[in-house]
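These notes are about the structure you will find just below.
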Amino acid sequence: MDVFDQVKKAICKVQPGVDESKIVLSALLDDDLEVDSLGMVELALALEDAFGFYLPDEELEGITTVGDIVSVINSKLKT
Amino acid sequence: MFNRVVVTGYGAITPLGLNVEDTWQRLVAGVSGVDYISLFDATDFNVKIAAQVKNFNPLDYLDPTTARYTDRFTQFSVAASLQAIEDAKLKIDDTNRYDAGILIGSGVGGLSSLSRQLEVLNTRGPVRVSPYIVPMMIADNAPSQVSIKTGIRGPNFSLVSSCSTGTDTLGIAYKMIKYGEIKLMIAGGADAAVTPIGIAGFSQAGALSRSTDPEKASRPFDAKRDGFVIGEGAAVLVVESLDYARSRGADILAEIVGYGATSDAYHITQPLESGEGAVKAIEFALADVNSDKVDYINAHGTSTPLNDISETRAIKKVFGNKAYEIPISSIKSMVGHMLGAAGALEAIVCCKVINDSIIPPTINLENFDPECDLDYVPNVARASDVRIAVSNSFGFGGHNSVLVIRRYSEC
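Residue numbers (my numbering), protein chains in the order written: chain A, 1 to 79; chain B, 1 to 411.
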């Protein structure tokens, strides 16, 4: 499973009501997927479970889209 | 001139059914909702039975994301509230959003959610704890979810008075409407404490029956009673001023005509033996009603050795010799003790008794206790023309709360 698919899976886990077809790289987490501030923390926990590393709050600052998350994960995986 | 306060709708999720009508039919039939605990593995517990809600699907009432982030007691609350609102044919829109409020209480709140996150905290550390734990465990998540779901924008809040919670929410809603602070309230109670810590806690306090025969375990007023059976669920009523109900053409189911609340000032779990606090609560609730006219008492009747005696004493003190003529019953013999939901379901039952002219029985009443010698409508429902019903609720901490419900008539 590539990074996007794992991110998509994590979003579906924390937002079970989400329309999966809306989860695309350009999707806005808040407006398109209804992930609010609490949902962001829950999503970070799910991503940490999926990828096995810790995502400190500062690394998630400024994230607005699904693509942003994929970028953060990809850069973490390279280090 | 104070407002008259009427009931126009109700909803419930109980161990006997997922709505009021199914629950009521089974109560009248004398069916027990008590069974072996299936919500968790109770092998190592002294208490292995409870009155659990069965086959409840939160997705019938909530979207999947909200369902994931709400505790079971909140899910029950939303379900019962939506049923009550539908029953009352209440439409919430821009003309009345601020005329309606919500008061739903819970004795213990989101125990199972808290337990799960404590496990996460202890095994994986603080930064693994869900950010949703606070809203999931606080009691006022129930009314707040109802507000979000319905668009009601009047006050929404919760109150906690352990086993009296459901009666107190209705009493306070009644007063708010009576004194003109609001036109309509969604009021009731909910609990979902059939969890390891809930069962262990109540059991260690000596409150629960250790019977291994589920259907026989809850036996209010019976000489062989040995504690209550924990139940779960929610019950919610739509309560409004008579004027408002008339203005929107609502069907009126009953009228609330009194509420009394007192404290024992005595002990954190035990009731005052003399029943004095309960006596005062009943008397205060009957302030505007002739006590000779009371023709049904829905007892708190927990099936604990202490409650059933002190409640009986209190009833005798208030009603004198007439106490022997008033039919009294405890539905806890069938639904167990639904904690914060109990008083609200019992208020619904009083409305049903008044409208259907039949009193549900106290089941498992087989062995005479000389200290419990009133007419508890043993084992079989009884046809009876009831115009005024009194509902008693007492709780850990010395709460005594009483509601008086009357058949509605125009004058």
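Ideal Cβ positions, reconstructed from N, Cα and C, are used throughout, including at glycine.
Values in this document were obtained by computation on a predicted structure and should not be read as measured data.
With respect to the alpha helix (DSSP H) encompassing residue i, which residues constitute its N-terminal and C-terminal limits?
| i | result |
| --- | --- |
| residue 355 of chain B | 342-356 |
| residue 150 of chain B | 141-150 |
| residue 54 of chain A | That residue, residue 54 of chain A, is in no alpha helix (DSSP H); it is neither H nor E in DSSP. |
| residue 133 of chain B | 133-137 |
| residue 279 of chain B | 276-285 |
| residue 64 of chain B | 64-68 |
| residue 313 of chain B | 305-319 |
| residue 223 of chain B | No alpha helix (DSSP H) holds residue 223 of chain B; DSSP gives it neither H nor E. |
| residue 12 of chain A | 3-14 |
| residue 217 of chain B | 214-217 |
| residue 333 of chain B | 332-335 |
What do you reckon, is the C-beta of residue i under 7 Å from a heavy atom of the ligand COA?
| i | result |
| --- | --- |
| residue 391 of chain B | In the structure shown, the ligand COA is absent, as is every other ligand, since no ligand is present at all. |
I need the boundaries of the beta strand (DSSP E) containing residue i, first residue and last residue.
| i | result |
| --- | --- |
| residue 48 of chain A | Where residue 48 of chain A is concerned, there is no enclosing beta strand (DSSP E), although the alpha helix (DSSP H) it sits in stretches over 37-51. |
| residue 185 of chain B | 184-191 |
| residue 255 of chain B | 254-263 |
| residue 12 of chain B | 5-13 |
| residue 401 of chain B | 399-406 |
| residue 297 of chain B | 296-298 |
Would DSSP call residue i helix, strand or coil?
| i | result |
| --- | --- |
| residue 372 of chain B | strand |
| residue 382 of chain B | strand |
| residue 166 of chain B | helix |
| residue 202 of chain B | helix |
| residue 234 of chain B | strand |
| residue 67 of chain A | helix |
| residue 46 of chain B | coil |
| residue 30 of chain B | coil |
| residue 393 of chain B | strand |
| residue 124 of chain B | helix |
| residue 101 of chain B | strand |
| residue 76 of chain B | helix |
| residue 239 of chain B | strand |
| residue 208 of chain B | strand |
| residue 179 of chain B | coil |
| residue 36 of chain B | strand |
| residue 19 of chain B | coil |
| residue 51 of chain B | strand |
So is residue i buried or exposed if we call it buried at 16+ other beta carbons inside 10 Å?
| i | result |
| --- | --- |
| residue 148 of chain B | exposed |
| residue 411 of chain B | exposed |
| residue 124 of chain B | exposed |
| residue 366 of chain B | exposed |
| residue 265 of chain B | exposed |
| residue 69 of chain A | buried |
| residue 413 of chain B | Here chain B covers residues 1 to 411 and nothing more, so residue 413 of chain B does not appear. |
| residue 105 of chain B | buried |
| residue 403 of chain B | buried |
| residue 54 of chain B | exposed |
| residue 268 of chain B | exposed |
| residue 179 of chain B | exposed |
Practice prompt. Identify each residue in the region 293-318 of chain B for which the Cβ-Cβ distance to at least one residue of chain A is less than 7 Å, and report them in chain order.
Written response: none
Worksheet item: Would the region 46-55 of chain A and the region 45-63 of chain B be scored as touching if the rule is three or more Cβ pairs under 8 Å?
Response: Not touching, per the Cβ criterion.
Discussion item. Assess contact between the region 318-325 of chain B and the region 373-393 of chain B, defined as three or more Cβ pairs (one per stretch) separated by less than 8 Å. Is contact present?
Written reply: yes
Worksheet item: Residues in the region 121-149 of chain B with C-beta within 9 Å of chain A's C-beta atoms, listed in sequence order?
Response: 127, 128, 129, 130, 131, 132, 135
Fill in: Contact list for the region 31-46 of chain A against chain B, Cβ threshold 7 Å
38, 41, 42, 45
Worksheet item: Touch check for the region 55-68 of chain B and the region 234-253 of chain B: three-plus C-beta pairs under 8 Å?
Response: no
Worksheet item: Would you call the region 340-352 of chain B and the region 231-244 of chain B touching, i.e. three or more CB-CB distances under 8 Å?
Response: Touching, yes.
Item to complete: Report yes or no: do the region 270-283 of chain B and the region 304-317 of chain B share at least 3 C-beta pairs separated by less than 8 Å?
Response: yes
Discussion item. Counting only Cβ-Cβ distances shorter than 7 Å, please list the residues of the region 48-71 of chain B near chain A, keeping chain order.
Written reply: 63, 64, 65, 68
Discussion item. At a CB distance below 7 Å, what residues from the region 4-15 of chain A approach chain B? Give them in sequence order.
Written reply: 15
Worksheet item: Any contact of the region 383-400 of chain B with the region 287-295 of chain B, i.e. 3+ C-beta pairs under 8 Å?
Response: yes
Discussion item. Quick test of the definition: if touching needs 3 or more C-beta pairs under 8 Å, does the region 8-16 of chain B touch the region 194-209 of chain B?
Written reply: no
Worksheet item: Does the count of Cβ pairs from the region 23-43 of chain A and the region 60-74 of chain A closer than 8 Å reach three?
Response: yes
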